Amino acid sequence: MSENHSKITSHTLKNANGVRVEILNLGGIVKSIKTPNKHGVLEDVVLGFDTAADYLKPHPYFGAIAGRYANRIDNGTFTLDNKTYTLAQNNGSNHLHGGIVGFDKVFWDVSPFESEDGVGVRLHYLSEDMEEGYPGNLDVTVTYTLTHDNTLKVGYKATTDKKTILNLTQHSYFNLSGDFSNDILDHELQINASQYLPLNQNQIPVGTLEKVKNTPFDFQNPKPIGKDIAVENAQLEIGKGYDHCWVFDSKGLSKVARVYHAESGRLMEVYTDQPGMQLYTANFLDGTIPSKTGGFYKARSGFCLETQQFPNAPNQVEFPSTILNPNETFTSETWFKFHLIKTKNQ
Ligand code: GLA
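Under our numbering, the residue at position 26 of the sequence shown is numbered 94, and the numbers go up by one with no gaps.
This is the structure in structure tokens:
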């Protein structure tokens, strides 16, 4: 533990508007994102810990990069070219977020850079053949850039020397109020998706794409996250709230979601080129992990917008393929763009 403790490095990106993003080499974790509220007060808008070493203890993927396969794989198995691969079942019978030591727990090599866009860090990790049961030496680079216009850009790049599967995401829990004793039910969310993936009792997609219209999953027009979260609904019961993948209507890098917190004036937009996004309302936070701002993290203390491929896609042929072949380069982009809305008389 102490050896790992001394291996942790922290890197802070700053821009001229006072926005600050702190990133760890451990797990590629976004430890804090500080943005001003409408009164100019700088506050942290992501859940996690004050002390970097606390991220060495078990925690629910706070701020981390999830991989090799983010989200769930049914029974922890998949087949490629008639060969069956067995992964850790670390979530009931499911494989979750890359297994026992996923990308959230490994140490990445970090190199800082400056570009026209802003300042950033490039994180590199070589995941060896059969690490956590996945085939191929996978060379992964995650690039975080804080731009001059308050966007945290997350770029992903990967290559392999053997056919493999891949699904990478960023697992930050946001609470735009900056005070984690508040829940996020009052945040207004819009998702540009007319469909989502309903789940079976094991939280694995049943395979159909369901229309969100006339369901609690309809965020096509902005509505508070809490508006329908407690209505009687079999899918909400399975997830203990929202823990589902929305299927975007757009293709290519597009604006896919928008979250507004009126009291602080903070607005966050999400852009991605991925086909889906898991909205997770921190349903499994049970009040046992101490919060950065006092008290404890509870269900609904934060929300994750995990842009990604579809869960369990390696076992569901009708879903877009998540296979990465040798001689191919996987690239992907997700942006979290922060704005301030200053209303009159405030
Ligand atoms: C994802 C999953 C959730 C949960 C969290 C981590 O969002 O979909 O079910 O496992 O990660 O706690």
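Idealized CB from N, CA, C, for every residue including glycine.
Keep in mind it's a predicted model, so treat the numbers as computed, not measured.
Checking the sheet assignment: what are the DSSP bridge partners for residue i?
i	result
H163	I141
Y339	K323 and W403
P180	V189
I133	Q238
Q303	Looking at the DSSP assignment, Q303 forms no beta bridge with any residue, so it has no partner.
K151	L148
Y348	D311 and C372
H329	R334
E112	In the sequence on display, residue 112 carries Asp and not Glu. Note: D112 sits in a beta bridge opposite K102.
L408	R334
F175	L94
Report the option in the options whose CA atom is closest to the CA atom of residue i.
i	options	result
N159	Q269, V87 and E71	Q269
V45	S332, V208 and K231	A query on residue 45 cannot be resolved here, the shown segment of the chain reaching from 69 to 414 and no further.
D149	T399, L392, L408 and E196	L392
N383	G131, L110 and N162	N162
D254	D122, I297 and F316	I297
P388	A226, L277 and L115	L277
K295	T283, A302 and I306	T283
T399	T154, A121, T228 and K125	T228
G188	V178, S195 and E196	V178
D247	G201, N260 and V109	V109
I252	L408, S369, T402 and G333	S369
E184	M345, N83, S318 and P343	N83
H329	E337, K323 and S322	E337
Y264	V274, I272 and V280	V280
I101	H73, K75 and N243	N243
F316	Q303, G166, L347 and E300	L347
A466	Y241, G166 and S318	The shown model of the chain, from 69 to 414, leaves out residue 466, and the question about it has no answer.
G96	N395, I259 and S240	S240
L304	T145, N351, I141 and N218	N351
G166	S195, N105, Y224 and T119	S195
R88	H216, T356, L155 and Y202	H216
N143	N72, R136 and T154	T154
L376	A120, H73, K173 and Y339	Sequence check: residue 376 is Gln here, not Leu. Of the candidates A120, H73, K173 and Y339, the one whose C-alpha sits nearest the C-alpha of Q376 is Y339.
Y202	G186, N218, T232 and I168	T232
G170	G186, K151, Y137 and T219	Y137
Any chance the CB of residue i is under 8 Å from a heavy atom of the ligand ATP?
i	result
D311	Within the structure as shown, the ligand ATP is missing, the only ligands being the ligand GLA.
Touch check for the segment 99–118 and the segment 348–361: three-plus C-beta pairs under 8 Å?
yes
Suppose only complete runs of 4+ residues qualify. What are the alpha helix (DSSP H) ranges in the segment 244–298, listed by chain order?
none
Stretch-stretch touch, CB-based, cutoff 8 Å, three pairs: the segment 125–138 with the segment 86–105
yes
Give the list of continuous alpha helix (DSSP H) stretches no shorter than 4 residues that lie fully inside the segment 186–248.
none
The segment 189–197 in contact with the segment 210–222 per 3-pair CB rule at 8 Å
yes
Counting only runs that start and end within the segment 355–406, where is the beta strand (DSSP E) found for 3 or more residues in a row?
364–366 and 371–376
Entirely within the segment 79–104 and at least 3 residues each: give me those beta strand (DSSP E) ranges in chain order.
88–92 and 98–104
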